[in-house]
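In numbering that gives the first Met the number 0, the protein residues as written are 0 to 177. Beta carbons: idealized from backbone N, C-alpha and C, even for Gly. Note that the coordinates shown come from a computational prediction; the quantities given were computed from them, not determined experimentally.
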Amino acid sequence: MAGYRKLGRTSDQRKALLRNQVTNLIYHGKIKTTDTKAKEVRKIAEKLIAMAVREKDNYTELTVTAKVPRKTADGQRVKEEVNGKKVTVFDEVEKSIKKDNATRLHARRQMLKVLYPVKEVPAENAKRKANTKEINLVDKLFDEIAPKYVDRNGGYTRIIKIGPRKGDAAEEVILELV
């Protein structure tokens with residue numbers, strides 16, 4: 000018996016489909032799909048969440064000083080004249096950053112192998128590239144999802160059957176994070 004379901008696709012199509020569905024599950028919290036696909040997506044998603052739960056507190060906080068350009072109220076950089084040249088004015092700012100330890104960094108890279116990058120487009124800018132925001136799903140896993148499941152030993156997802164699909168009568172389900 001095989002260790003996974005082939006889903007009637009070639010290996011590259013199957014991997015792309017599963018990566019896409021896992022990405023959407025983590026981004027939206029639930030997806031609607033067929034029963035067999037949900038069981039395969041569940042395997043991958045549970046491993047990612049377990050990794051995030053295991054490594055969620057494995058970092059060190061550092062305080063660094065960074066040079067940030069001073070800006071006006073409308074977002075333009077402030078310039079001043081030095082020796083006949085216009086030069087941008089910089090302010091030094093103290094920032095606190097999280098530095099991953101080795102095992103958390105490895106977990107982050109393993110998650111990035113599975114998850115696709117997600118861009119969020121505001122409703123007023125639909126079909127435009129302006130003001131799109133890159134969503135970091137790995138940080139979402141570590142900061143939002145993992146703390147919810149600290150006391151739980153597996154079973155992070157739930158499959159709810161909703162009946163046969165009209166057209167091909169495939170059993171449809173909702174796969175959601177518990």
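DSSP three-state call for Lys165: helix, strand or coil?
The answer is coil: DSSP assigns Lys165 none of H, G, I, E or B.
Residue environment, Gln20, which counts as buried when at least 16 other CB atoms sit within 10 Å
Only buried fits Gln20, as 16 or more other CB atoms lie within 10 angstroms of its CB.
Neighbourhood of Glu133 by C-beta, 7 Å cutoff - its chain only, sequence neighbours within 5 removed
If we look at Glu133 and ignore the five residues flanking it on each side, its Cβ neighbours are Pro116, Lys118.
Helix, strand or coil for Asp11? Go by DSSP, reduced to three states.
Correct three-state label for Asp11: helix.
By DSSP, does Leu24 sit in helix, in strand, or in coil?
The answer is helix: DSSP assigns Leu24 an H, G or I state.
For the region 55-86, list the beta strand (DSSP E) runs that are entirely contained and at least 3 residues long, ordered along the chain.
Complete beta strand (DSSP E) runs here, min 3: 58-68, 78-81.
Just the Cα atoms here: how many angstroms apart are Arg108 and Leu47?
Roughly 11 Å between the two C-alpha positions.
From Ala44 to Val67, what does the alpha carbon distance come to, in whole angstroms?
One Cα belongs to Ala44, the other to Val67, and the distance between them is close to 38 Å.
Of the residues Gly83, Thr62, Tyr58, Val88, which one's Cα is nearest the Cα of Arg69?
It is Val88.
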